[in-house]
Amino acid sequence: MTPTFATALLGVLVAGYAGQPVPDAPSTGAPAPRHDSAVNAPSENEITPELETAWRTGLAALAREQRDDGSFGDGAFGSNVAITALSCLAFMGDGHVPGRGIYGENVAKGLEFILSNSQENGLVATPSANVPMYGHGFATVFLGEIYGMTRGGPDAALSQRVHTALVKAVRLLETTQNPDGGWRYNPVPFEADVSVTICAVMGLRAARNAGLEVSKDVIDKAVDYVRSCQNDDGGFRYMKQVGASAWPRSAAGVATLYYAGIYEDRAIESGLDYLEINSANASMSMGQMHYFYGQYYGVQAMFLAGGKHWSTWWPKVREELLRKQGTDGLWDDPSVGKPYGTAMALIILQMPKRYLPIFQK
């Protein structure tokens, strides 16, 4: 991960709708030991009274951060597509959607902001966005989640608007994949990096599982690209070229393989081993770069791995984030702001609710 990434949009992440599995991509590694995800196998004492309090106060605090135009974000990241999608998905992680739940109106307003920034070529970005593919990927996931929940009935008109924006967003991803199989900061098929590629793969998965057609060739190429970024120690480097492993992007690399439909593979096993060996690095000061980015993908990787991976990792990240919540109910990321930090923390802490289907195998 580079300083450019941090200044562009420091690891804003989302989750989306998953109703059907993506077809398995080919595995080039020998079969690894099978793990069952934590979706249907909760560990003991996943939810504590302190966690429930953090959910309640955090959601209320995040709602107060929403802007008049429906967006979220502050400072240099004000009215930001990615942070808006992430914040809305934090509410959806508690079961709130347009027309349902005490924060349903917050999600509806956020959706209007996202739709208003869906351009004719499919790119979802504000006019001022200078590295728009992060936001586009996160918005695509959000649109996929919403579309999966608003088809038919009184929501038919809204569903059609979401469908139109989602189809265009997916086609843009399919046509901007670079020859190596990845994506980069801008919607042109030149360079690629692991952090933008995971956003694109999650967006495509959300759309596919909401019923849209997604090219399997695109997914297969993305898998090949991510594999090419894995080092011998099991960790992942930022780009295909030679580089050091780091736990935040390594968590993203493992998650990419899972979301591409690969569940048993030597690359996943070695990636999980790397994360656990380097787990001390996962407990960083919130003021350090990529803190929420790493925690978000780390918890996803361990949730999807299940078993001891999940039961060991989850209590640590839960207690750490509970300690870091402010008295105002918010979590602060000094680089991106409180709306981002709070939305990210809430999505992480709401994993045991299992409301966001994209986290499922």
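Mind the numbering: the sequence shown is residues 412 to 772 in the working numbering, read in order. Each residue gets a CB set at the ideal place from its N, CA and C atoms; glycine is no exception.
Straight-line gap, residue i to residue j (C-alpha atoms, nearest Å)
i, j, result
"residue 627", "residue 534", "21 Å"
"residue 599", "residue 585", "11 Å"
"residue 709", "residue 660", "9 Å"
"residue 755", "residue 651", "27 Å"
"residue 752", "residue 479", "20 Å"
"residue 688", "residue 524", "42 Å"
"residue 637", "residue 620", "21 Å"
"residue 489", "residue 646", "33 Å"
"residue 473", "residue 498", "8 Å"
"residue 736", "residue 642", "35 Å"
"residue 716", "residue 684", "11 Å"
"residue 705", "residue 530", "31 Å"
"residue 476", "residue 613", "26 Å"
"residue 692", "residue 719", "19 Å"
"residue 538", "residue 492", "11 Å"
"residue 658", "residue 547", "24 Å"
"residue 582", "residue 625", "9 Å"
Buried or exposed (CB count within 10 angstroms, at least 16 for buried), residue i
i, result
"residue 666", "buried"
"residue 743", "buried"
"residue 601", "exposed"
"residue 694", "exposed"
"residue 567", "exposed"
"residue 481", "buried"
"residue 590", "exposed"
"residue 556", "buried"
"residue 500", "buried"
"residue 699", "exposed"
"residue 528", "buried"
"residue 749", "buried"
"residue 768", "buried"
"residue 486", "exposed"
"residue 460", "exposed"
"residue 738", "exposed"
Residue i beta carbon near the ligand ADP (any heavy atom closer than 7 Å)
i, result
"residue 649", "The model depicted lacks the ligand ADP and carries no ligand whatsoever."
Supposed close pair residue i, residue j - CB separation, criterion 8 Å
i, j, result
"residue 610", "residue 545", "6 Å"
"residue 725", "residue 457", "7 Å"
"residue 606", "residue 663", "6 Å"
Beta-carbon contacts of residue i that lie in its chain and below 7 Å, excluding the five residues immediately before and after
i, result
"residue 714", "448, 449, 721, 762 and 770"
"residue 512", "506"
"residue 654", "648"
"residue 502", "470, 514, 517 and 518"
"residue 760", "462, 465, 466, 729 and 732"
"residue 468", "740"
"residue 644", "656 and 685"
Limits of the unbroken alpha helix (DSSP H) element including residue i
i, result
"residue 542", "No alpha helix (DSSP H) contains residue 542, which DSSP labels as neither H nor E."
"residue 701", "Residue 701 -> no alpha helix (DSSP H), and no H or E assigned at all."
"residue 524", "515 to 527"
"residue 507", "Per DSSP, residue 507 belongs to no alpha helix (DSSP H) and is neither H nor E."
"residue 731", "718 to 735"
"residue 620", "605 to 620"
"residue 633", "627 to 639"
"residue 586", "567 to 587"
"residue 469", "460 to 475"
"residue 753", "749 to 760"
"residue 766", "First-last for residue 766: undefined, no H or E at that position."
"residue 680", "677 to 688"
Cβ shell of residue i (< 6 Å), same chain only, five flanking positions each side left out
i, result
"residue 579", "533"
"residue 596", "542 and 544"
"residue 521", "481, 495 and 499"
"residue 504", "758, 761, 766 and 767"
Same chain, Cβ closer than 8 Å to residue i, five either side skipped, listed in chain order
i, result
"residue 577", "551, 554, 555, 558, 618, 621 and 623"
"residue 572", "526"
Residue-level contact to chain B via CB, residue i, 8 Å cutoff
i, result
"residue 735", "Going by chain labels, chain B is absent from the structure shown, which holds only one protein chain."
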